[in-house]
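For reference, the structure discussed in these notes is given below.
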Amino acid sequence: RKTCYCILSDMNEPKVVVGPPAHKSVVPASQASMELLRIKGSWPFDFFPDLLIIEEKRIVIKRNQFPFYSTTVTIPLNRLTIFEVTHSLCYSSIQMTGYTGYWFETAMQWLTRKDAQKAKDVVDGLRLQDTESIEILDHDKNRLVDTLETLGKTEHTAF
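Numbers 2 to 160, taken from the working numbering, label the letters of the sequence shown in order.
Okay, here's the thing in structure tokens:
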């Protein structure tokens, strides 16, 4: 398990110590859970489109309800039990279920098929990386997203 500890720094951005006790490393606070993917609903059907942000350790949902009113929900990735994509003729939706002290269920609608499928693949790749203790060596954001997407697309065959 990774744990974060804040340390003082003379730089503008605080630094944190991340990792298990045997392999600690110091990183900028903004890199402790790097943003991997940002998806917004399609405007013609959603006057105030919601925003889905996928990070390495959490999912952030920003619900825009009126021009200056929004609600932000943060879900730790390890608390997410179901992340499923539903495709229709033109658009897709994502349903999420999990447990954070209580059971919750939420959905993002009016997403493009491509964006919804990419989000599903990246989340599946992150979950596989976490449960199978897979270490991805290349931490460039674009290559990391591509690698996670590939891991999430992997078809498992029965023996």
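Glycine included, each C-beta is placed from N, C-alpha and C at the ideal position.
If you're wondering where the values come from, they're calculated on a predicted model, not measured in any experiment.
Per-residue burial, residue i [other beta carbons within 10 Å of its own, 16 or more giving buried]
i, result
"Gln-130", "buried"
"Leu-145", "buried"
"Asp-122", "buried"
"Ser-10", "Low confidence applies here, because Ser-10 scores a pLDDT of 48, under 50, leaving its location unreliable and the question unanswered by this model."
"Ile-83", "exposed"
"Asp-1", "Only positions 2 to 160 of the chain appear in the structure, and residue 1 is not among them; the question remains open."
"Ala-117", "buried"
"Cys-5", "Residue confidence is low: Cys-5 scores 48 on pLDDT, short of 50, so the model does not pin down where it sits. Its coordinate-derived value is still stated next. Exposed: under 16 other Cβ atoms inside 10 Å."
Beta-carbon contacts of residue i that lie in its chain and below 6 Å, excluding the five residues immediately before and after
i, result
"Thr-72", "Arg-64"
"Asp-125", "Gly-153"
"Val-61", "Ile-54, Thr-75"
"Ala-110", "It should be noted that the sequence gives Gln, not Ala, for residue 110. Around Gln-110: Ser-94."
Residue i, enclosing beta strand (DSSP E) - first and last residue
i, result
"Gly-102", "Here Gly-102 belongs to no beta strand (DSSP E), and DSSP marks it neither H nor E."
"Leu-145", "Taken as a continuous stretch (DSSP letters only), Leu-145 belongs to no beta strand (DSSP E), being part of the alpha helix (DSSP H) at 142–154."
"Phe-84", "81–88"
"Glu-133", "First-last for Glu-133: undefined, no H or E at that position."
"Ile-137", "Run containing Ile-137: none; DSSP gives neither H nor E here."
"Glu-57", "Counting along the chain, Glu-57 falls outside any beta strand (DSSP E), and DSSP gives it neither H nor E."
Residues bridged to residue i (per DSSP)
i, result
"Arg-64", "Thr-72"
"Val-123", "DSSP, once it has assigned bridges, lists no residue as partnering Val-123."
Residues near residue i in its chain [Cβ-Cβ closer than 7 Å; skip 5 each side]
i, result
"Glu-56", "Ser-34, Met-35, Glu-36, Leu-37"
"His-88", "Arg-114"
"Gly-99", "Ile-76, Arg-80, Leu-81, Thr-82, Phe-105"
Own chain partners of residue i with C-beta closer than 8 Å, once the 5 adjacent residues on each side are dropped
i, result
"Thr-101", "Ile-76, Pro-77, Arg-80"
"Glu-150", "Lys-119, Asp-122, Val-123, Gly-126"
"Phe-67", "Phe-49"
Start-to-end residues for the alpha helix (DSSP H) that takes in residue i
i, result
"Leu-38", "Not the alpha helix (DSSP H): Leu-38 falls in the beta strand (DSSP E), residues 36–41."
Rounded Cβ spacing between residue i and residue j (contact assumed at less than 8 Å)
i, j, result
"Leu-112", "Gly-42", "6 Å"
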